[in-house]
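Colleague:
Residue numbers (our numbering), protein chains in the order written: chain F, 1 to 112; chain L, 113 to 208; chain S, 209 to 455.
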């Protein structure tokens, strides 16, 4: 069920990227898309009644049914990279505001 | 640890519905600051979703970064912009 | 009008994705044939060697001694990929400081701090730093690891910035730590290339699964990643909180 929610979040993010004309709103739409994509990738590896892929004193043998660890390893790094790109785009947004005094793309091209 | 089957289904359904509602709210709310806060809340529900899908590493990372640091960066951008506005207004007042 | 057209576009795209994923009985959510898939080799630690099963605190000298399998993938099987990701984060941090530079910099970000924030931060900051260090030293045993541990260190630096009015982290030492960690990471890879066969190979003995000193180079690499991510996140926060002052 979370898989379908992730797909719908991806579509919501795309819709926001198409329609919004405010830079901060566009970055927020990108973040929504990213969270949906991460949820989708992790949900692909979910196994029914699986346990978390860590050997502990309770789950001490590899014969048990574990969840697929590979999508989790991919998403773990993707989240950190997403934070880096968000910081870079916010820095650009701040620079744009310093030169144009607005976040709105429609009002931007009009110079006095 | 065995979680009851129906309880698990109810929790996944609630988390999915809250994720979609908060995603729409984050894009459609009028004020930018409330939109940022909705994004942070949505990130928290994504943490719940990762925990339900048995991914504790990803859940910890998302809890620190998604709902902590990214929200802080958005809010600092908005605060810096309002400060920039104030400075410009002061300059305009000085020249007048 | 534009709104309706875009909703229509998104709905059509969603319909195509839905049909390609879920019709024809292709249910991706539950995979039945896990025993034949490649991920089972990661769990039983038999990617390059034959191995039947792994038992906690008993199996010794496997090809990879990490109890946390996600850590095993991130820092051993896909370690070259992780090196690339850390480089992307480094480039993002450099980009933030290049975009936000331009004027002479001076610390001017003043938020009104109150007594509750100050006292609470004094209590929490030390605990958060210790938690971050714990998280990346125990990355091969418990959930967590270098990426969330480094981010927790960055978050505690952020807390210090918010609670103290004239606090300024010494960014030069963070830069030193970051470049040192990156260099040592690449050096470990080159040592693996010369001592063993390929870049970033696990050349130390792996020990018992579940012991604190085990898993070869995995704890070393994760500590380096934690230090690097922590200093990069702190650098980004410092850039965002330092305001441009046209002097």
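Ideal Cβ placement from N, Cα and C applies to all residues, glycine included.
Could you check whether residue 15(F) and residue 219(S) sit closer than 7 Å to each other, using their CB atoms as the reference points?
Modeller: Residue numbering aside, residue 219(S) sits at position 11 when the third chain is read from its first letter. Residue numbering aside, residue 15(F) sits at position 15 when the first chain is read from its first letter. Result no, Cβ atoms of residue 219(S) and residue 15(F) do not sit closer than 7 Å.
Colleague: Name, please, each residue of chain L whose Cβ falls closer than 8 Å to the Cβ of residue 25(F).
Modeller: In the first chain, residue 25(F) corresponds to position 25, counting from 1. Near residue 25(F) (Cβ distances below 8 Å), the residues of chain L are 139, 144 and 147.
Colleague: Can you confirm whether residue 184(L), when its beta carbon is compared against all beta carbons of chain F, has any partner nearer than 7 Å?
Modeller: Locating residue 184(L) in the second chain gives position 72, where the first residue counts as 1. No, because no Cβ of chain F sits closer than 7 Å to the Cβ of residue 184(L).
Colleague: For residue 49(F), name the three-state secondary structure that DSSP assigns.
Modeller: Position 49 of the first chain holds residue 49(F). Here residue 49(F) sits in coil by DSSP.
Colleague: Taking only beta-carbon atoms, is residue 3(F) less than 7 Å away from chain L?
Modeller: Locating residue 3(F) in the first chain gives position 3, where the first residue counts as 1. Taking Cβ atoms only, chain L never reaches closer than 7 Å to residue 3(F), which makes this a no.
Colleague: Please report the distance separating the alpha-carbon of residue 439(S) from that of residue 53(F).
Modeller: For the purposes of this step, residue 439(S) is identified with residue 231 of the third chain, where counting begins at 1. For the purposes of this step, residue 53(F) is identified with residue 53 of the first chain, where counting begins at 1. Roughly 29 Å between the two C-alpha positions.
Colleague: Helix, strand or coil: which one does DSSP assign to residue 274(S)?
Modeller: Along the third chain, read from residue 1 onward, the residue named residue 274(S) stands at position 66. Reduced to three states, the DSSP call for residue 274(S) is coil.
Colleague: I need the DSSP call for residue 60(F), collapsed to helix, strand or coil.
Modeller: On the first chain, residue 60(F) is found 60 positions in, with the first residue counted as 1. The answer is coil: DSSP assigns residue 60(F) none of H, G, I, E or B.
Colleague: Specify whether the stretch 42-61 of chain F and the stretch 139-157 of chain L touch according to this definition: at least 3 beta carbon pairs, one from each stretch, less than 8 Å apart.
Modeller: No, they do not touch.
Colleague: So with CB distances below 9 Å, who are the chain L contacts of residue 83(F)?
Modeller: Your numbering for residue 83(F) matches position 83 in the first chain. Correct list: 177, 178, 181, 182 and 185.
Colleague: Given a cut-off of 7 Å, decide if residue 155(L) and residue 179(L) are closer than it, judged by their beta-carbon atoms.
Modeller: By 1-based counting over the second chain, the position of residue 179(L) is 67. By 1-based counting over the second chain, the position of residue 155(L) is 43. Contact: yes.
Colleague: Near residue 421(S), which residues of its chain fall below 7 Å by C-beta distance, leaving aside the five closest residues on each side in sequence?
Modeller: Position 213 of the third chain, counting from 1, holds the residue named residue 421(S). 415.
Colleague: Under the DSSP definition of a beta bridge, which residues are partnered with residue 224(S)?
Modeller: Within the third chain, numbered from 1, the residue matching residue 224(S) stands at position 16. Looking at the DSSP assignment, residue 224(S) forms no beta bridge with any residue, so it has no partner.
Colleague: With a threshold of 7 Å between beta-carbons, can residue 410(S) be considered close to chain F, or not?
Modeller: Sequence index remark: in the third chain, residue 410(S) carries index 202 (1-based). No, no contact with chain F.
Colleague: Is it the case that the Cβ atoms of residue 343(S) and residue 357(S) are separated by a distance below 7 Å?
Modeller: Start at 1 with the first residue of the third chain, and residue 343(S) comes out as number 135. Start at 1 with the first residue of the third chain, and residue 357(S) comes out as number 149. It is a contact, given that the beta carbons lie within the stated cut-off.
Colleague: Considering only DSSP beta bridges, list what residue 54(F) is partnered with.
Modeller: Counting from one through the first chain, the residue named residue 54(F) turns up at place 54. Answer by DSSP bridge pairing, in chain order: 276(S).
Colleague: Rounded to the nearest angstrom, what separates residue 42(F) and residue 445(S) at their Cα positions?
Modeller: The residue given as residue 42(F) occupies position 42 in the first chain. The residue given as residue 445(S) occupies position 237 in the third chain. Approximately 29 Å between the Cα atoms of the pair.
Colleague: Let me confirm a value: residue 165(L) is counted as buried when at least 16 other C-beta atoms fall within 10 Å, else exposed. Which label applies?
Modeller: For the purposes of this step, residue 165(L) is taken as the residue at position 53 of the second chain. Buried, by the Cβ-count rule.
Colleague: For residue 326(S), does the count of other Cβ atoms within 10 angstroms reach 16, so buried, or fall short, so exposed?
Modeller: On the third chain, position 118 is the one that residue 326(S) refers to. By the neighbour-count rule (16 or more Cβ atoms within 10 Å), residue 326(S) is not buried but exposed.
Colleague: Relative to the C-alpha of residue 129(L), which candidate in 189(L), 185(L), 140(L) and 161(L) has its C-alpha closest?
Modeller: Along the second chain, read from residue 1 onward, the residue named residue 129(L) stands at position 17. Looking at the Cα atoms, 161(L) is the closest of the given residues.
Colleague: Closest to residue 101(F) by C-alpha separation, out of 82(F), 76(F), 22(F) and 9(F), would be which residue?
Modeller: In the first chain, residue 101(F) corresponds to position 101, counting from 1. For residue 101(F), the nearest C-alpha among the options comes from 22(F).
Colleague: Tell me which same chain residues have a C-beta within less than 7 Å of the C-beta of residue 34(F), skipping the five on either side of it?
Modeller: Locating residue 34(F) in the first chain gives position 34, counting from the first residue. The residues are 82.
Colleague: I'd like to know whether the C-beta of residue 136(L) is nearer than 7 Å to at least one C-beta of chain S.
Modeller: Counting from one through the second chain, the residue named residue 136(L) turns up at place 24. No, residue 136(L) does not count as interfacial toward chain S.
Colleague: Would residue 411(S) and residue 404(S) qualify as a contact pair, given that the criterion is a beta-carbon distance under 7 Å?
Modeller: Along the third chain, one-based indexing puts residue 411(S) at 203. Along the third chain, one-based indexing puts residue 404(S) at 196. Yes, the pair counts as a contact, with Cβ atoms nearer than the cut-off.
Colleague: Taking all protein chains shown into account, do 16 or more other C-beta atoms lie within 10 angstroms of the C-beta of residue 45(F), making it buried, or fewer, making it exposed?
Modeller: Numbered from its first residue, the first chain carries residue 45(F) at position 45. Residue 45(F) comes out buried.
Colleague: Throw me the rounded Cβ distance for the residue 229(S) and residue 275(S) pair, which I believe falls under 8 Å.
Modeller: Indexing the third chain from 1 puts residue 229(S) at position 21. Indexing the third chain from 1 puts residue 275(S) at position 67. At roughly 34 Å, the Cβ-Cβ gap does not stay under 8 Å, so residue 229(S) and residue 275(S) are not in contact.
Colleague: What number of angstroms, rounded off, separates the C-alpha of residue 181(L) from the C-alpha of residue 85(F)?
Modeller: Counting from one through the second chain, the residue named residue 181(L) turns up at place 69. Counting from one through the first chain, the residue named residue 85(F) turns up at place 85. Those two C-alpha atoms are separated by around 13 Å.
Colleague: Whole alpha helix (DSSP H) runs in the stretch 361-439 of chain S with 4 or more residues, listed along the chain?
Modeller: Listed in chain order, the complete alpha helix (DSSP H) runs (minimum 4 residues) inside the stretch 361-439 of chain S are 379-403.
Colleague: Is there a Cβ from chain S that is less than 7 Å from the Cβ of residue 207(L)?
Modeller: In the second chain, counting from the first residue as 1, residue 207(L) sits at position 95. For residue 207(L), the predicted model reports a pLDDT of 44, less than 50, meaning its position is unreliable; a value from the coordinates is still stated below. No, no contact with chain S.
Colleague: For residue 168(L), tell me which candidate among 89(F), 108(F), 48(F) and 76(F) has the shortest Cα-Cα distance.
Modeller: Position 56 of the second chain, counting from 1, holds the residue named residue 168(L). The candidate whose alpha carbon is nearest that of residue 168(L) is 76(F).
Colleague: Please report how far the alpha carbon of residue 225(S) lies from the alpha carbon of residue 11(F), in whole angstroms.
Modeller: Here residue 225(S) refers to the residue found at position 17 when the third chain is read from its first residue. Here residue 11(F) refers to the residue found at position 11 when the first chain is read from its first residue. Near 10 Å, if we compare the C-alpha coordinates of residue 11(F) and residue 225(S).
Colleague: Tell me the rounded alpha-carbon separation between residue 25(F) and residue 371(S).
Modeller: As a first step, residue 25(F) must be located in the first chain, where it is residue number 25. As a first step, residue 371(S) must be located in the third chain, where it is residue number 163. Approximately 29 Å, taken between the alpha carbons.
Colleague: In angstroms, rounded to a whole number, what distance separates the CA positions of residue 135(L) and residue 195(L)?
Modeller: Taking the second chain and counting its residues from 1, one reaches residue 135(L) at position 23. Taking the second chain and counting its residues from 1, one reaches residue 195(L) at position 83. So the alpha carbons of these two residues sit roughly 29 Å apart.
Colleague: Can you check whether the C-beta of residue 237(S) is within less than 7 Å of a C-beta belonging to chain F?
Modeller: Along the third chain, one-based indexing puts residue 237(S) at 29. Because residue 237(S) sits at a pLDDT of 47, beneath the cut-off of 50, its placement in the model cannot be relied upon, and the following sentence gives the value as read from the coordinates. Output row for residue 237(S): interface = yes.
Colleague: Give the secondary structure of residue 289(S) by DSSP, where H, G and I count as helix, E and B as strand, and everything else as coil.
Modeller: Counting from 1 along the third chain, the entry for residue 289(S) is found at position 81. If DSSP states are grouped into helix, strand and coil, residue 289(S) belongs with the helices.
Colleague: Less than 7 Å between C-beta atoms, sequence neighbours within five positions excluded: which residues of the same chain meet that for residue 29(F)?
Modeller: As a working note, residue 29(F) is residue 29 in the first chain. The answer, listed in chain order, is 13, 16, 17 and 20.
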